[in-house]
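Take a look at the structure below.
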Ligand code: RB5
């Protein structure tokens with residue numbers, strides 16, 4: 005898969021670990037910064053990754069800040085982005101199976117590296133279940149309206 009990854013300073017150290025993990029799993033990963041522990045404004049990286057995924061240039065995105073909250077709030081402002089802030093493996097799996105999440109957000113100051121790696125592995129390998137969930141995901145982009153011919 006083609007993956008775009010980004011962080012702010014609060015997520016930088018975890019981002020470096022997740023970047024290596026994803027490359028090791030055989031994915032093509034683009035690091036969209038930041039590139040050091042120097043303080044940066046998280047909306048910059050969030051929009052870079054979110055726009056790259058929304059445009060179809062990348063299949064998925066991973067965003068890491070201190071809590072994951074700023075990244076998820078920002079990324080979800082971009083149409084067709086479904087960013088899921090996950091602190092556990094179950095939520096990561098469900099965000100793929102039911103919500104077809106295309107961006108995973110993690111809190112670098114919340115989730116330890118071991119758990120974060122398991123969350124990422126689960127999120128990357130889990131597929132969308134479709135069916136009734138597809139109808140609901142379509143409704144997100146249609147302001148809650150049901151489209152014609154949907155299951
Ligand atoms: C940066 O100090 C911190 O606010 C940021 O990493 C993030 O937690 C925002 O949601």
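Numbering (my numbering), first residue to last: 5 to 155. Just so it is clear, CB atoms sit at the ideal spot from N, CA and C, and this is done for glycine as well. If you're wondering where the values come from, they're calculated on a predicted model, not measured in any experiment.
- Query: In chain order, what residues of the same chain lie with their CB nearer than 7 Å to the CB of residue 57, ignoring the 5 residues before and after it?
  - Reply: The residues are 8, 64, 65, 85, 106 and 107.
- Message: To the nearest angstrom, how far is the alpha carbon of residue 74 from that of residue 13?
- Response: Whole-angstrom Cα-Cα distance: 12 Å.
- Item | When 145, 68 and 62 are compared against residue 45, the one with the closest alpha-carbon | Closest option to residue 45, Cα to Cα, is 68.
- Can residue 12 be considered in contact with the ligand RB5, in the sense that its beta carbon sits closer than 7 Å to one or more heavy atoms? Checking the Cβ of residue 12 against the ligand RB5 gives yes.
- Message: Alpha carbons only, please: which of 22, 97 and 131 is nearest the one belonging to residue 32?
- Response: With distances taken between Cα atoms, residue 32 lies closest to 22.
- How should residue 42 be labelled, buried or exposed, when 16 other C-beta atoms within 10 angstroms of its C-beta is the threshold for buried? Per the 10 Å Cβ criterion, exposed.
- Determine the burial state of residue 116: buried for a count of at least 16 other Cβ atoms within 10 Å of its Cβ, exposed for fewer. Residue environment analysis places residue 116 among the exposed positions, since fewer than 16 neighbouring C-beta atoms fall within 10 angstroms of its C-beta.
- Query: From residue 109 to residue 147, what distance separates their C-alpha atoms?
  - Reply: Rounded to the nearest angstrom, the two C-alpha atoms are 23 Å apart.
- Query: Between which two residues does the beta strand (DSSP E) carrying residue 64 extend?
  - Reply: Under the DSSP assignment, residue 64 falls in the beta strand (DSSP E) whose first and last residues are 64-69.
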